[in-house]
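Asker: Take this structure first; my questions come after.
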Amino acid sequence: MGKVIGPGSLIVDVTGFAPHLPVAGESVKGSTLRFGPGGKGSNQMTAAHRAGSDVRLIGCRGNDFLGQILEKHYKTEGMSEEYIAILPEAETASALIEIDETDAQNRIIVIFAANELVKRENVYAAENLFVECDAVLTQFETTVDTVFATKELAQKYGKPFILNPAPFIEVPTEIFDGIDYITPNETETEQFTGIAVDTLDDCKRAAAKFFEMGVKNVIITLGVRGSYYTNGKEEIFVPAIKVKAVETTGAGDAFNGGFATAIAEGMPVEKALQFATCTAAISVTRLGSSPSMPYRHEILDLMKKEFGTEV
Ligand code: RIB
526 MGKVIGPGSL
536 IVDVTGFAPH
546 LPVAGESVKG
556 STLRFGPGGK
566 GSNQMTAAHR
576 AGSDVRLIGC
586 RGNDFLGQIL
596 EKHYKTEGMS
606 EEYIAILPEA
616 ETASALIEID
626 ETDAQNRIIV
636 IFAANELVKR
646 ENVYAAENLF
656 VECDAVLTQF
666 ETTVDTVFAT
676 KELAQKYGKP
686 FILNPAPFIE
696 VPTEIFDGID
706 YITPNETETE
716 QFTGIAVDTL
726 DDCKRAAAKF
736 FEMGVKNVII
746 TLGVRGSYYT
756 NGKEEIFVPA
766 IKVKAVETTG
776 AGDAFNGGFA
786 TAIAEGMPVE
796 KALQFATCTA
806 AISVTRLGSS
816 PSMPYRHEIL
826 DLMKKEFGTE
836 V
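Under my numbering, the first residue of the sequence shown is numbered 526, with each subsequent residue one higher.
What follows is the structure, given as structure tokens:
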């Protein structure tokens, strides 16, 4: 079992479903409202946990009604809250998510709240985790300073550092220097590199921009098309698996949690991408973000069926 650690966001997703998404000024009769555990950091660690990793999430939440939803999630999953600061004065973060029932697409407003209280001090207070882990994973849903501190410690202890640069925020380009694996989706790739990725050749050109910024390995996730990998010498394309999606919220998080698990176990990149692809494919067939993450045996079964590979 590999150990995956890192700081990340904890959010409660408030999700409404409707036959179509409203335009500005329109009210649409919806069908269902759900409160559930979410946040990119928490989703990714939940995915890694269910995929077979020992995980530790460094984060922050309030001790309020929304915080209790997260607390229940970690207890049910058997995930440690040891490195999650629970501050009575903090407000637990929330995301307002609208889902179109016809195509499972979503629109999201995120209120960062307690996630903005995660700082470099919190990362350094968990330095011992970096010593013993096998992979480090984070995103852009806490603070920029947190990401710099995470990179510093991952490098200090020589641990593979995976950065999922989501959501897009303005960052100094030095943040990318020395990153082992970056995992933007198509939109984030265009936002960070200025290159729209319609073809694999576009992916290659966008990856070259990330290499100029000091990234070592680039993985661009291309939604229903698949994922593209390059380290500047080798290129790999892994097609997505065709499934009937009911909710795509958290699909990228499933991919990242699965990928981090695979890297923590020392899988070669192509197999790690297949593992991540299967994790994401199963997640979109289920409702919720964290609750939709698949278990290891399901991922392994799908890998064998779709790619003919075994772990
Ligand atoms: O990536 C999906 C997540 O983004 C949701 O769970 C929501 O909380 C937002 O942060």
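Using N, Cα and C, we set each Cβ at its ideal position, and we do this for glycine too.
1) Tell me whether the beta-carbon of F806 lies closer than 8 Å to the beta-carbon of K796.
2) What number of angstroms, rounded off, separates the C-alpha of T802 from the C-alpha of N689?
3) Using CA coordinates, which residue listed in E614, I745, A618 is at the minimum distance from A691?
4) Please list the segments of the beta strand (DSSP E) lying wholly inside the segment 774-805, counting only runs of 3 or more residues, in order along the chain.
5) Between which two residues does the alpha helix (DSSP H) holding C728 run?
6) Let me know the secondary structure DSSP gives K829 once reduced to three states.
7) Could you name the residues of the same chain whose beta carbon sits closer than 8 Å to that of A638, not counting the 5 residues immediately before and after it, in chain order?
8) In whole angstroms, give me the CA-to-CA distance for K597 and A779.
9) Grab me the residues of L812's own chain with a C-beta within less than 7 Å of its C-beta, minus the 5 sequence neighbours each way, in chain order.
10) Would you say the beta carbon of G775 comes nearer than 7 Å to a heavy atom of ligand 1?
11) So which of E606, H545, I611, V749 has the shortest CA-CA distance to V763?
12) Should A549 go down as buried or exposed, given a rule of 16 or more other Cβ atoms within 10 Å for buried?
13) For G782, which option in V768, M738, K565, L558 has the closest C-alpha, if you only look at C-alpha atoms?
14) In this structure, does DSSP put I536 in helix, strand or coil?
15) Identify the continuous alpha helix (DSSP H) that holds G592 and give its terminal residues.
16) Spatial neighbours of G751 within its chain, please: CB distance less than 8 Å, with the 5 preceding and 5 following residues excluded, ordered by chain position.
Answerer: On the basis of the supplied data:
1) If you number the sequence shown from 1, residue 806 lands on position 281. If you number the sequence shown from 1, residue 796 lands on position 271. For clarity, residue 806 is Ala in the given sequence; the question names Phe instead. No, the pair does not count as a contact, with Cβ atoms beyond the cut-off.
2) Taking the sequence shown and counting its residues from 1, the one referred to as residue 802 is at position 277. Taking the sequence shown and counting its residues from 1, the one referred to as residue 689 is at position 164. Rounded to whole angstroms, T802 to N689 spans 15 Å at the Cα level.
3) Within the sequence shown, numbered from 1, the residue matching residue 691 stands at position 166. The residue with the shortest Cα to Cα distance from A691 is I745.
4) none
5) The residue labelled residue 728 in the question sits at position 203 within the sequence shown. Residues 725-737.
6) Position 304 of the sequence shown, counted from the start, is the residue given in the question as residue 829. Note: K829 maps to helix in three-state DSSP.
7) The sequence position of residue 638 within the sequence shown is 113, counting from 1. Closer than 8 Å at Cβ, skipping near neighbours: G587, A615, E616, T617, A618, S619.
8) For the purposes of this step, residue 597 is taken as residue 72 along the sequence shown, with counting starting at 1. For the purposes of this step, residue 779 is taken as residue 254 along the sequence shown, with counting starting at 1. Computed Cα separation, rounded: 20 Å.
9) Translated into positions along the sequence shown, residue 812 becomes position 287. The answer, listed in chain order, is V771, E772.
10) Within the sequence shown, numbered from 1, the residue matching residue 775 stands at position 250. Checking the Cβ of G775 against ligand 1 gives yes.
11) Residue numbering aside, residue 763 sits at position 238 when the sequence shown is read from its first letter. Nearest C-alpha to V763: V749.
12) Along the sequence shown, read from residue 1 onward, the residue named residue 549 stands at position 24. Burial call: exposed.
13) Taking the sequence shown and counting its residues from 1, the one referred to as residue 782 is at position 257. Residue K565 is the option with its Cα nearest to G782.
14) Mapped onto the sequence shown, residue 536 falls at position 11. It is a strand residue.
15) Reading the sequence shown from its first residue, position 67 is the one you call residue 592. 590-602 is the extent of the alpha helix (DSSP H) around G592.
16) What you label residue 751 is simply residue 226 of the sequence shown in a count that begins at 1. Closer than 8 Å at Cβ, skipping near neighbours: F762, V763, P764, A765, T802.
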